[in-house]
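Let me begin by presenting the structure, written as structure tokens, before commenting on it.
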Amino acid sequence: YDALGVDPCASAGEIKKAYYRKALKVHPDKHPGDADAAAQFQKIGAAYRVLGDADARRRYDDTGAAADAEDG
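Be aware that the sequence shown starts at 73, since it is given in this note's numbering, and climbs by one per residue.
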């Protein structure tokens, strides 16, 4: 939730809006060669993959961990 700057009780629409707003600010195309922006973009994307999917979000809320193959 912190990566997107949303409250845990945020609606799906609020999460989507926060993702797009943050992703636009650090998108690699806007910051070519900026490793920090690229890392932030990846972090935001990972958060949205979990919070943007109702089932994944429910699992995250229940366990406190994302069930994501990329994270191991």
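Glycine included, C-beta positions come from ideal geometry on N, C-alpha and C.
All values reported here derive from a predicted model rather than from experimental measurement.
request  = Provide the residue span of the alpha helix (DSSP H) that contains A111, from first to last.
outcome  = Here the alpha helix (DSSP H) through A111 covers 107-123.
Practice item. Have a look at Y92 and Y132 and give me their C-alpha separation to the nearest angstrom. Key: Straight-line Cα distance between these residues: approximately 21 Å.
| task | Taking D101 as part of the alpha helix (DSSP H), name the residues at either end of that continuous run. | result | Per DSSP, D101 belongs to no alpha helix (DSSP H) and is neither H nor E.
Query raised in the report: For K102, which residues from the same chain have a beta carbon less than 7 Å from its beta carbon, with the 5 sequence-adjacent residues on both sides left out?
Result: Taking K102 as the centre and dropping the five residues before and after it, the same chain places no C-beta closer than 7 Å to its C-beta.
| message | Could you tell me the alpha carbon to alpha carbon distance between D106 and G117, rounded to whole angstroms? | response | Taking the straight line from one Cα to the other gives about 17 Å.
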